[in-house]
């Protein structure tokens, strides 16, 4: 892609995100979401492969439908209450439509089917963008409207997301699809706590973005799109493979790694809200996700050559590693000890 064009699309993405997260009026928030959608479409379809074009088309159709629902819910609310302010979303039908629209934008179950397909058709770096930066504006809208949302609906969707994300990721061999189902599962953890502690949901999103960014950049450096390619990575990049194994376990939420912090705080908050059964259910369902994270970690660091694989071995490895990788890896693994500093802010 032309560097000037890429710069324009990147600036548009930043503009769209900034407009949405800083707006108080629904029309401005909607405009920001539309700018984001239009800016990311060329980045998805830049390889001109039929799979990429298909992914861009699916993304466009789903995001357009979700944006139309956002506009419809805000207009319905304005019709009944005379308010266009985002924090004044009080009409129950409008809140219901808005929850549906934001679930479609994010890829929450049962509106999650587009996300793995779109990620599989994109490159790893575009997939990183779709899994982290593109989810920030809808999460912000969810945060701003959290007092008005229906807790029962969100909890149901959250449990469904964690179950579907874990269950459908079990049999995958493509790393991008595994990360897509991982994202759906993590979104369930964010959605379940949004009504009860919005700041905790935001913190979960930040830590999830940090860990997912590290995984995507590691896989991009190794050029690993399939599990069979990941199996041959140890001999080429042993240090990165060892770090990737630990980061995957952090994403799974195992102590004493960073990923344990949001899960621990969410389960604690749900217990305080007298939702011990819900907390137990979501914790047990996350064991499904743990299985495929362990499978990825096993393929990364424990499966050593010689072994039988049908993939072509990559003799020349990409030596130009990202200088941010060391910082990102350290933060993805070692933030749990600073949790006493985080707890007072939540």
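Residue numbers (mature numbering (1 follows the signal peptide of the UniProt record, and there is no 0)): -23 to -1, 1 to 323.
All C-beta atoms, glycine included, are put in the ideal place defined by N, C-alpha and C.
Secondary structure of residue i, DSSP reduced to three states
i           : result
residue 57  : helix
residue -20 : helix
residue 249 : helix
residue 68  : coil
residue 163 : helix
beta-carbon residue i near the ligand NAD non-hydrogen atom, thresh 7 Å
i           : result
residue 271 : Because no ligand of any kind appears in the structure shown, any question about the ligand NAD cannot be addressed here.
Residues that residue i bridges to, as DSSP identifies them
i           : result
residue 203 : 151
residue 89  : Its beta-bridge partners do not exist; DSSP assigns none.
residue 25  : In DSSP, residue 25 forms no bridge with anything.
Spatial neighbours of residue i in its chain, beta-carbon cut-off 7 Å, leaving aside the 5 residues before and after
i           : result
residue 111 : 13 and 17
residue 272 : none
residue 49  : 74
residue 310 : 223, 224, 227, 234 and 235
residue 278 : 211, 218, 219 and 222
residue 316 : 238
residue 151 : 97, 202 and 203
residue 134 : 80, 85, 86 and 168
residue 3   : 51, 61 and 63
residue 244 : 256 and 260
Expected contact under 8 Å - CB spacing of residue i and residue j to nearest Å
i           : j           : result
residue 137 : residue 175 : Not really, about 21 Å apart at Cβ, beyond 8 Å.
residue 306 : residue 191 : 6 Å
residue 313 : residue 237 : 6 Å
residue 193 : residue 156 : 7 Å
residue 117 : residue 214 : With 8 Å as the limit, residue 117 and residue 214 do not qualify as a contact, their Cβ atoms being about 36 Å apart.
residue 262 : residue 168 : About 13 Å separates the two Cβ atoms, so there is no contact after all.
residue 120 : residue 178 : 7 Å
residue 173 : residue 246 : 6 Å
residue 71  : residue 53  : 5 Å
residue 147 : residue 265 : 7 Å
residue 280 : residue 180 : Their Cβ separation, rounded to whole angstroms, is 34 Å, which puts residue 280 and residue 180 out of contact at 8 Å.
residue 94  : residue 32  : 6 Å
residue 240 : residue 166 : 7 Å
residue 323 : residue 231 : Not really, about 22 Å apart at Cβ, beyond 8 Å.
residue 41  : residue 30  : Going by Cβ atoms, the distance from residue 41 to residue 30 rounds to 16 Å, so no, they are not a contact pair.
residue 108 : residue 206 : The pair is not a contact, with the Cβ atoms about 20 Å apart (cut-off 8 Å).
Own chain partners of residue i with C-beta closer than 6 Å, once the 5 adjacent residues on each side are dropped
i           : result
residue 142 : 158, 161 and 162
residue 145 : 158
residue 55  : 61
residue 92  : 84 and 157
residue 225 : 270, 273 and 274
residue 229 : 267 and 270
residue 220 : 306
residue 104 : 96 and 153
residue 149 : 155
residue -23 : 23
Close-in-space but distant-in-sequence residues of the same chain around residue i (CB under 8 Å, 5 per side omitted)
i           : result
residue 28  : 97 and 98
residue 102 : 193 and 197
residue 373 : The question about residue 373 has no answer, for the chain in this structure spans -23 to 323.
residue 253 : 247
residue 46  : 74, 75, 77, 78 and 81
residue 7   : 44, 47, 48 and 51
residue 58  : 65, 67 and 68
residue 171 : 119, 120, 123, 126, 131 and 178
residue -15 : 16, 17, 19 and 20
C-beta neighbour in chain B for residue i, strict 8 Å
i          : result
residue 33 : Of the protein chains in this structure there is only one, and it is not chain B.
Could you check whether the stretch 66 to 77 touches the stretch 111 to 131, counting it as contact only if at least three pairs of C-beta atoms, one from each stretch, sit closer than 8 Å? At 8 Å Cβ cutoff, the stretches touch.
Does the stretch 249 to 260 touch the stretch 195 to 202, meaning 3 or more C-beta pairs lie closer than 8 Å? The way I'd put it, the stretch 195 to 202 doesn't touch the stretch 249 to 260; fewer than three beta-carbon pairs between them come closer than 8 Å.
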